[in-house]
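Chemist: Below is a structure I'd like to ask you about.
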Amino acid sequence: MPETTKQDSRRNPDFQPLRLILVILGLLIGISFAAQWYSRNITMPRYCDYSGDMLQRVREVLTKQTPAGQGDRKPYIIAARLTFLVPRNPDEPLHSYLDRLQRHIEQQCP
184 MPETTKQDSR RNPDFQPLRL ILVILGLLIG ISFAAQWYSR NITMPRYCDY
234 SGDMLQRVRE VLTKQTPAGQ GDRKPYIIAA RLTFLVPRNP DEPLHSYLDR
284 LQRHIEQQCP
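Note that my numbering has the sequence shown beginning at 184, numbered continuously upward.
Below, the structure is given as structure tokens:
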């Protein structure tokens, strides 16, 4: 059985770290573009049906401890997901965020 020296085990001539980094970078960029496409074409159109009540529910999700109380939580979960898709900027007042969210919904919904 041939013995490998320390120098041989440390340095593999077939290993190319630049190629590995490029592949990983390409995968990350591809995932990012896929997520943006899915958000724009699949997820956002689901909110078009609820756009009128949605802003009030988003306001309640952001300001109240238990916005749904003992009632149905599904509309508030949908509103919370919308805040994930269109996040609030740091130090952005609530009314400015809701205006920006309304404009975003109007752009996405025909």
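Even for Gly, the Cβ is constructed at its ideal location relative to N, Cα and C.
(1) Helix, strand or coil, according to DSSP, for Pro250 in the structure here?
(2) Can you tell me the Cα-Cα spacing of Thr249 and Ile204, whole angstroms?
(3) Whose CA, out of Asp274, Glu275, Thr266 and Asn272, lies closest to the CA of Ile288?
(4) Starting from the N-terminal side, write out each stretch of the alpha helix (DSSP H) that is 4 residues or longer and does not extend beyond the region 250-281.
(5) Would you say Met237 reaches chain B, if we count a Cβ-Cβ gap shorter than 8 angstroms as a contact?
(6) Using a Cβ-Cβ cut-off of 8 angstroms (strictly less than) and excluding sequence neighbours within five positions of Val244, which residues of its own chain qualify?
(7) When you compare only the Cα positions, how much space is there between Ile225 and Gln285?
Modeler: Looking at the atomic coordinates:
(1) Coil, per DSSP.
(2) 45 angstroms
(3) Thr266
(4) 257-268
(5) No chain B appears in the structure shown, which is made up of a single protein chain.
(6) Pro250, Tyr259, Ala262, Ala263 and Thr266
(7) 18 angstroms
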